[in-house]
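Single-structure report; data block below.
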Amino acid sequence: MNEQELKKLWQTTNQKLEKTLAADRINSNEISQLKVYHFISSMKPIKLFTLFAGIIWVGLGAIFLSHKYLYAFSESNKFFLFSATVQVGLTAVALFVYLFQLITIYQVDITDTIFKTQKKLAQLKISTLWVTRVLFLQLPVWTTFWWNEAMFREWNVVQWLITGSLTLTFVFAAAWLFINIKFENRDKKWFRIIFDGKEWTPLMRSVELLEQLDEFVAEIKPETNAST
Amino acid sequence: MNQKEQREYFRDIIEQHKGILFKVARAYCLNEDDRQDLIQEMMIQIWQSINRFNNQIKISTWLYRISLNVAISFYRKNMARANKNTMLNEQTEQIPTDDKTEEDQQLNLLEHFISELKEFDKALMILYLEDKSHAEIAEILGMTVSNVGTKIGRIKDKIKTRFSQLKS
Numbered sequence: 044m045n046e047q048e049l050k051k052l053w054q055t056t057n058q059k060l061e062k063t064l065a066a067d068r069i070n071s072n073e074i075s076q077l078k079v080y081h082f083i084s085s086m087k088p089i090k091l092f093t094l095f096a097g098i099i100w101v102g103l104g105a106i107f108l109s110h111k112y113l114y115a116f117s118e119s120n121k122f123f124l125f126s127a128t129v130q131v132g133l134t135a136v137a138l139f140v141y142l143f144q145l146i147t148i149y150q151v152d153i154t155d156t157i158f159k160t161q162k163k164l165a166q167l168k169i170s171t172l173w174v175t176r177v178l179f180l181q182l183p184v185w186t187t188f189w190w191n192e193a194m195f196r197e198w199n200v201v202q203w204l205i206t207g208s209l210t211l212t213f214v215f216a217a218a219w220l221f222i223n224i225k226f227e228n229r230d231k232k233w234f235r236i237i238f239d240g241k242e243w244t245p246l247m248r249s250v251e252l253l254e255q256l257d258e259f260v261a262e263i264k265p266e267t268n269a270s271t
Numbered sequence: 013m014n015q016k017e018q019r020e021y022f023r024d025i026i027e028q029h030k031g032i033l034f035k036v037a038r039a040y041c042l043n044e045d046d047r048q049d050l051i052q053e054m055m056i057q058i059w060q061s062i063n064r065f066n067n068q069i070k071i072s073t074w075l076y077r078i079s080l081n082v083a084i085s086f087y088r089k090n091m092a093r094a095n096k097n098t099m100l101n102e103q104t105e106q107i108p109t110d111d112k113t114e115e116d117q118q119l120n121l122l123e124h125f126i127s128e129l130k131e132f133d134k135a136l137m138i139l140y141l142e143d144k145s146h147a148e149i150a151e152i153l154g155m156t157v158s159n160v161g162t163k164i165g166r167i168k169d170k171i172k173t174r175f176s177q178l179k180s
């Protein structure tokens, strides 16, 4: 099949499409009644629930902790206070980053060129990895919130070895994940294991899209260079 | 432009250029329900962006940008579901049957081969088949004119090979 035949064949879709797609199912009047297509309405219920649950968690945590700092600091367990502050603080940072990125994704200019828009969208989606990195940083404080001053007076070496190694392991894991969760490690097995699952599909598809863009550019380059 | 004029302008654009939306949607969605959703999403984005349209670019270029951007994002979102659906049901629908004309069969095959292409190759192929100039394709996709030619040549070869494999 030559070029002209291919194009001619494609042109026949015009008439066929207009017959097969019922025009009344696509109502331009209804769409033009839409005043604002809200960012919130574009979010899936599960994401909205996660976001609201996170806001409530951080909100209640902030109220509880500020009360402790202001009115009950001297009698509070400082280990608990420190751990809870780090946990709530990091959750707040993650929530802020997540929300900021979702809004930025929503505001990407859809009328810009395909490569520019898709690259920006994919990069923004991938940057949601930052949220996971920040959340993993919380790991060590989940092993310290129950610590107390009596432990330092009464515990023996074995008890400290067990507790200390658990905390150190979590510190190491948190730091390692924080450093290594990045786009460049997308092909590593551990990365695929962490980001396996439905909720990560859009992110992994964004990774694939960026790879496709790179391939697209790489395929063109050799010939372009050869011709120059 | 007041609200009423804007609505009329929007309706005119959709009426005159709905073929662009239909063709892009057909290339990116084999499933009929998904396709309807995709067209609706494209129309919402066109409606929302209509204030930002200026006459510096052709309306068709602007519409292709929106519909392809929406289609690629939508396609990405629905990839997992689409894969399942196309594995058995949809792909068998694309295989020519005896009660169709030869032209229908060829067209089904062409659409099927296009559906096998990657997102950006697909966009390029649609624009090429729509007889867009290399300059306009470059303006829609955001690549250089010379690269458009290089890339189209490769994709055309892929499609031709698929047709000849089928014949042999």
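Sequence order for the protein chains is A and B. Read the first sequence against the working numbering and you will find it ends at 271, with the numbers running on by one and no gaps. Read the second sequence against the working numbering and you will find it ends at 180, with the numbers running on by one and no gaps. Glycine included, every Cβ here is placed at the ideal spot set by N, Cα and C.
What residue range is occupied by the uninterrupted alpha helix (DSSP H) comprising residue i?
| i | result |
| --- | --- |
| Pro183 (chain A) | From DSSP, Pro183 (chain A) is part of no alpha helix (DSSP H); its letter is neither H nor E. |
| Gln161 (chain A) | 157-169 |
| Asp133 (chain B) | 131-141 |
| Thr210 (chain A) | 200-223 |
| Ser126 (chain A) | 121-149 |
| Thr162 (chain B) | 157-179 |
| Ala115 (chain A) | Where Ala115 (chain A) is concerned, there is no enclosing alpha helix (DSSP H), given that its DSSP letter is neither H nor E. |
| Asn120 (chain B) | 114-128 |
| Phe195 (chain A) | 192-197 |
Using the Cα positions of residue i and residue j, report the straight-line distance between them to the nearest angstrom.
| i | j | result |
| --- | --- | --- |
| Phe175 (chain B) | Lys168 (chain B) | 11 Å |
| Tyr112 (chain A) | Ile89 (chain A) | 34 Å |
| Ala39 (chain B) | Gln144 (chain A) | 30 Å |
| Pro108 (chain B) | Glu48 (chain A) | Note on Pro108 (chain B): pLDDT 46, under 50, position unreliable in the model; no value is reported. |
| Phe125 (chain B) | Thr55 (chain A) | 16 Å |
| Val140 (chain A) | Leu52 (chain A) | 49 Å |
| Phe107 (chain A) | Thr206 (chain A) | 27 Å |
| Leu133 (chain A) | Lys121 (chain A) | 18 Å |
| Glu151 (chain B) | Glu262 (chain A) | 19 Å |
| Leu253 (chain A) | Gly154 (chain B) | 15 Å |
| Gln48 (chain B) | Arg235 (chain A) | 33 Å |
| Leu220 (chain A) | Phe238 (chain A) | 13 Å |
| Ala96 (chain A) | Thr187 (chain A) | 24 Å |
| Asn63 (chain B) | Glu27 (chain B) | 18 Å |
| Ala218 (chain A) | Glu131 (chain B) | 37 Å |
| Ser208 (chain A) | Ser119 (chain A) | 26 Å |
| Ser145 (chain B) | Lys241 (chain A) | 40 Å |
| Ile138 (chain B) | Glu114 (chain B) | 22 Å |
| Phe116 (chain A) | Leu124 (chain A) | 9 Å |
| Trp243 (chain A) | Gln161 (chain A) | 18 Å |
| Val103 (chain A) | Glu192 (chain A) | For clarity, residue 103 (chain A) is Leu in the given sequence; the question names Val instead. So the alpha carbons of these two residues sit roughly 26 Å apart. |
Which one of the options has the shortest CA to CA distance from residue i?
| i | options | result |
| --- | --- | --- |
| Ala37 (chain B) | B:Lys144, B:Tyr21, B:Tyr87, B:Lys70 | B:Tyr87 |
| Leu80 (chain B) | B:Arg64, B:Gln57, B:Ala147, B:Asn66 | B:Gln57 |
| Val131 (chain A) | A:Leu204, A:Asn223, A:Leu178, A:Val201 | A:Leu178 |
| Met247 (chain A) | A:Phe259, A:Arg229, A:Glu258, A:Leu164 | A:Arg229 |
| Ile171 (chain B) | B:Met155, B:Leu122, B:Val157 | B:Leu122 |
| Met54 (chain B) | B:Asn67, B:Phe34, B:Phe65 | B:Phe34 |
| Thr147 (chain A) | A:Phe95, A:Phe158, A:Ile169, A:Ile98 | A:Ile169 |
| Leu94 (chain A) | A:Val136, A:Glu73, A:Ile222 | A:Val136 |
| Asp24 (chain B) | A:Val250, A:Lys50, A:Lys231, A:Asn72 | A:Asn72 |
| Thr128 (chain A) | A:Glu118, A:Trp100, A:Thr175 | A:Trp100 |
| Arg176 (chain A) | A:Ala216, A:Ile157, A:Ala165 | A:Ala216 |
| Ala83 (chain B) | A:Phe116, A:Ile153, A:Gly102, A:Trp233 | A:Ile153 |
| Gly165 (chain B) | B:Arg19, B:Leu141, B:Gln117 | B:Leu141 |
| Leu42 (chain B) | B:Ser127, B:Leu136, B:Lys163, B:Ile78 | B:Ser127 |
| Leu182 (chain A) | A:Leu211, A:Ala115, A:Phe158 | A:Leu211 |
| Gln150 (chain A) | A:Ile157, A:Lys163, A:Thr156, A:Phe158 | A:Lys163 |
| Ile32 (chain B) | B:Glu17, B:Val160, B:Asn66, B:Arg77 | B:Arg77 |
Is there a C-beta anywhere in chain B that falls below 8 Å from the one on residue i?
| i | result |
| --- | --- |
| Thr210 (chain A) | no |
| Gln47 (chain A) | no |
| Trp53 (chain A) | yes |
| Thr93 (chain A) | no |
| Ile146 (chain A) | no |
| Lys159 (chain A) | yes |
| Leu252 (chain A) | yes |
| Gln202 (chain A) | no |
| Lys50 (chain A) | yes |
| Ile153 (chain A) | yes |
For residue i, would you say it is in contact with chain A, using Cβ-to-Cβ distances shorter than 8 Å as the test?
| i | result |
| --- | --- |
| Glu115 (chain B) | yes |
| Gln118 (chain B) | yes |
| Asp143 (chain B) | yes |
| Met181 (chain B) | What is shown of chain B runs 13 to 180, which leaves residue 181 (chain B) out entirely. |
| Ala135 (chain B) | yes |
| Ser85 (chain B) | yes |
| Ile152 (chain B) | yes |
| Gln57 (chain B) | yes |
| Ile171 (chain B) | yes |
| Gln17 (chain B) | Here residue 17 (chain B) is Glu; the residue named in the question, Gln, does not match the sequence. No, no contact with chain A. |
| Leu80 (chain B) | yes |
Just to confirm, does residue i get its C-beta within under 7 Å of one of the non-hydrogen atoms of the ligand PLP?
| i | result |
| --- | --- |
| Ser127 (chain B) | With respect to small molecules bound, the structure shown includes none, and the ligand PLP cannot be examined in it. |
> Mind pulling the beta strand (DSSP E) runs of 3 or more residues that sit fully within the region 230-269 of chain A?
Replying inline: none
> Can you give, in chain order, each stretch of the alpha helix (DSSP H) that sits fully within the region 29-70 of chain B and has at least 4 residues?
Replying inline: 44-61
>> Beta carbons nearer than 8 Å to chain C: which residues of the region 53-78 of chain B have them?
In response: The structure shown contains no chain C; the protein chains it does contain are A and B.
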